Amino acid sequence: QLFRLYPKAFFGRWPLVLDFQSGESSRALSGGGASLPLLLAICQQDPSPKVRAAGLASLVALLEAPSVKNWPVPLERGSSAAGAGRSGSGGNTSGPAFTSLADQVAMTLRQSHALVFELLQKPSDSQGALRACGDLLACTPYPKLKPGLISEAVIQVLPGIRPIARLDTLDGATQHLSASVVVLGAALKRDECCEELAHVFFSACGPASATHPPATGSPADELLNLGLHIASLAQAHGLRAPRFSTPVGSPVGRGRGKGTPVARGRGGSQAGSLEAEPGEPPLAIDLMAVIGRLASVRPVQIHQHTRELFQTLVEELLGQPGPSLRARGRRLLEDLLAAKSGLSDVAVADSAASIAEKAGAIDAP
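Here it is, written out as C-alpha cells:
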C-alpha cells in the first residue's frame, strides 16, 4: 500500500527498495543461479506461499508507479521508441560497475516478467502469478523496451485458456480459466503494441498455402475456435435459463409496504414487469470481448480460414438468446467491416446482409 500511496518517494530509491546489493546473496540460496534483487528473490524462494504472494503484490505495486509507465526515453537500445537497433534479450546483468536508473528499471521489468512466467508453472503460485501477469501487462512500457516481451507473455498465458475446449457446460469454468481470459484481454488492450500482437496472434504455427490453413493453425484461429465452442455452450445455457413473467394486473416494484402485494417468481425472488433475460455467463462475455480486441489488431491481410472463422462466429453470436452476446456479434462485425481489411467484397456484402436480416428479426417487437 505504501508503494501505491507514495510512488515518487520509492521510485527515487529504486535500488534500495529492490535491494540489489543484498540480492547478490540470493545466488547462493538458489544454488548458484542468476542473481536477483532481494525483493524478487523473496517472491521466488521464500518457503511460505503467503509471503511469496505478498512479495509479488509489492513488486507489482512498485512497477505500477506512473514514473515507470510514462518513462520519457527508451529504456533499452533497439526498442520501438528508439527506432531500429541491435537485437538481444536486454537486461545485461554482467555489465559495467555503473548502471543507470534506466538500465536498472529495464532489468527489473525483464526479471519480473521472467519470475512471473516461472511462477505460472507452479500450481501453488499460479493464481497469484496470473494476477501479477495481468498487472504487468497493463503497466509495462513495452514500446520503451526491445520487442518480444509482450509476445512472450501472450505465449505463456495462452495454455491457460485451452481447457475451454474441454468444457461441457459454462458452469464448469474454473477461476484460473476465467482469469486467464481476462489477462489475455489485458495484453490485447495495449494498442501501442498492435504490430507485435498481430504478429504473435496471426502468425501460423506451421506451413500454409494460399488456400489451405496452417498445419497447426495460429493463436488467432485457436481463439476463434474456442469462441465458437463457448457460443454453442452459451446458446444451450440461454435456452435452459428460466424466464419469469408477472401475471397481468399484479403490482410490481412497490416495495414491501403494508397491504401492497409483490409478484414473486420461483424461490421467492421478486419478478420484473417483463420477462427477465436469461443470465449470460461472464466467461462467454469476457472471451468475446477478447476476440473483439483481436479483430482490432488483425493485419490487413488475414488467411481465408481465419476470415471464415470470424464470419462463422459473428453468425453464431447474432443468434444468441442473450442481448450482450448479440451486441458483441454486432460490434465484432462492425470492427471487421471498418476498413474491409482481409475481407472480400462478396464476404462484406454477405455479412452485411446477414446482420441486417438477423438484427431485424431479433429486434422486431
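830 is the number of the first residue of the sequence shown in the numbering used here; add one for each residue after it.
Glycine residues also receive a C-beta, built at the ideal position from the N, C-alpha and C atoms.
Here the structure is a predicted model, which means the values were calculated and not measured.
#### Entry: Unbroken alpha helix (DSSP H) run spanning E1137, endpoints
Taking the first residue of the sequence shown as 1, we reach residue 1137 at position 308. Secondary structure note for E1137: its alpha helix (DSSP H) is the uninterrupted segment Q1133 to L1147.
### Query
CB S1061 to CB E1145, shorter than 9 angstroms?
Reading the sequence shown from its first residue, position 232 is the one you call residue 1061. Reading the sequence shown from its first residue, position 316 is the one you call residue 1145. Yes, Cβ-Cβ distance for S1061 and E1145 is below 9 angstroms.
### Task
Using three-state DSSP, classify K975 as helix, strand or coil.
Against the sequence shown, residue 975 aligns to sequence position 146. Residue state, collapsed to three classes: coil.
### Query
Helix, strand or coil for N1054 per DSSP?
As a position in the sequence shown, residue 1054 is number 225, starting the count at 1. Of the three classes helix, strand and coil, the one that applies to N1054 here is helix, per DSSP.
### Query
From I993 to S929, what distance separates their C-alpha atoms?
Taking the first residue of the sequence shown as position 1, residue 993 is located at position 164. Taking the first residue of the sequence shown as position 1, residue 929 is located at position 100. Cα to Cα, I993 sits roughly 45 angstroms from S929.
### Query
If you count every other CB in all the chains shown that lies within 10 Å of the CB of E1109, and 16 or more means buried, which is it?
The residue labelled residue 1109 in the question sits at position 280 within the sequence shown. Classification of E1109: buried, given that the 10 Å Cβ count is 16 or more.
### Message
Between which two residues does the alpha helix (DSSP H) holding G963 run?
### Response
Numbered from 1 along the sequence shown, position 134 holds the residue referred to as residue 963. First-last of the alpha helix (DSSP H) with G963: S955 to C968.
#### Entry: Backbone secondary structure at S908 - three-state DSSP
By 1-based counting over the sequence shown, the position of residue 908 is 79. Of the three classes helix, strand and coil, the one that applies to S908 here is coil, per DSSP.
### Task
Tell me where the alpha helix (DSSP H) around K879 begins and ends.
In the sequence shown, residue 879 corresponds to position 50, counting from 1. Unbroken alpha helix (DSSP H) run through K879: P878 to L892.
### Query
In terms of alpha-carbon separation, which member of P866, K879, G884 and R939 lies closest to C798?
Lying before the first or after the last residue shown, residue 798 is absent from the chain, which here runs from 830 to 1194.
### Task
Check R1019 in the structure and name its three-state DSSP category.
By 1-based counting over the sequence shown, the position of residue 1019 is 190. Reduced to three states, the DSSP call for R1019 is coil.
### Task
Go ahead and pull the three-state DSSP assignment for G1046.
Reading the sequence shown from its first residue, position 217 is the one you call residue 1046. Note: G1046 maps to coil in three-state DSSP.
### Query
Where do the ends of the alpha helix (DSSP H) carrying A1002 lie?
The residue given as residue 1002 occupies position 173 in the sequence shown. Counting along the chain, A1002 falls outside any alpha helix (DSSP H), and DSSP gives it neither H nor E.
### Message
Less than 8 angstroms between C-beta atoms, sequence neighbours within five positions excluded: which residues of the same chain meet that for E981?
### Response
One-based indexing of the sequence shown puts residue 981 at position 152. Answer for E981: H942 and F946, listed in chain order.
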